[in-house]
Amino acid sequence: MTKHRIFTMEFRKVYPLYVQKAEKKNRTREEVDRIIYWLTGYDDAGLQRQIELGVDFEAFFAQAPAMNPNSALITGVVCGVRVEEIEDPLMQQIRYLDKLIDELAKGKALEKILRG
Numbered sequence: 359m360t361k362h363r364i365f366t367m368e369f370r371k372v373y374p375l376y377v378q379k380a381e382k383k384n385r386t387r388e389e390v391d392r393i394i395y396w397l398t399g400y401d402d403a404g405l406q407r408q409i410e411l412g413v414d415f416e417a418f419f420a421q422a423p424a425m426n427p428n429s430a431l432i433t434g435v436v437c438g439v440r441v442e443e444i445e446d447p448l449m450q451q452i453r454y455l456d457k458l459i460d461e462l463a464k465g466k467a468l469e470k471i472l473r474g
């Protein structure tokens, strides 16, 4: 079975798009980073290392220090799919991140985005 294309996409190519989406709505790179830290357990140095290494999404999430146990509280629709119903764990993690960035861009308070 072939991997989904997004699994092999370099995280560093998508990261600027997350930042751009947030900044268009008067949010900041720091808020995007805080979401990533909360979800994955990376710190600033770890996130920058992953970006510099050019890891793909599969490696980015596989090497995450600690996925937040409260990520299971993330619900809603992204890309036309309910994130809580996605069966593939990696795809679900990617969509969790997409959903959190969407919420940031829609003006939701960071404290509410970071569940728990």
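Under this note's numbering, residues 359 to 474 are what the sequence shown spells out, in order. From the three backbone atoms N, C-alpha and C, an ideal C-beta is built for every residue, glycine too. From a predicted model like this one, the values you see are computed outputs, not experimental measurements.
* Terminal residues of the alpha helix (DSSP H) in which Gly404 lies -> Start at 1 with the first residue of the sequence shown, and residue 404 comes out as number 46. It spans 402–411 - the alpha helix (DSSP H) in which Gly404 sits, taken as one unbroken run.
* Is it right to say Lys457 is buried, meaning 16 or more other beta carbons lie within 10 angstroms of its own, or is it exposed? -> As a first step, residue 457 is located in the sequence shown; it is residue number 99 there, counting from the start. So Lys457 ends up on the buried side.
* To do: Give me whichever residues DSSP pairs with Arg440 in a beta bridge.
  => Taking the first residue of the sequence shown as 1, we reach residue 440 at position 82. The bridge partners DSSP lists for Arg440 are Val435.
* To do: Closer than 8 Å by C-beta to Lys361: which residues in its own chain qualify, once you throw out the five before and the five after it? Chain order, please.
  => By 1-based counting over the sequence shown, the position of residue 361 is 3. Its chain contains Glu416 as the residues whose beta carbon lies nearer than 8 Å to that of Lys361, once the 5 sequence neighbours on both sides are disregarded; these appear in chain order.
* Minimum C-alpha distance to Leu448 - residue among Gln421, Val377, Asp391 -> Mapped onto the sequence shown, residue 448 falls at position 90. Ranked by Cα distance from Leu448, the first of Gln421, Val377, Asp391 is Gln421.
* Alpha carbon to alpha carbon, how far is Val441 from Phe369? -> Translated into positions along the sequence shown, residue 441 becomes position 83. Translated into positions along the sequence shown, residue 369 becomes position 11. Rounded to the nearest angstrom, the two C-alpha atoms are 20 Å apart.
* Determine the DSSP secondary structure at Glu477, reduced to helix, strand or coil. => With the chain represented from 359 up to 474, any question about residue 477 goes unanswered, as that position is not in the structure.
* Asked: Quick one, which of Glu469, Ile452, Ala467, Leu472 has its alpha-carbon nearest Tyr376's?
  -> What you label residue 376 is simply residue 18 of the sequence shown in a count that begins at 1. Ranking Glu469, Ile452, Ala467, Leu472 by Cα distance to Tyr376 puts Ile452 first.
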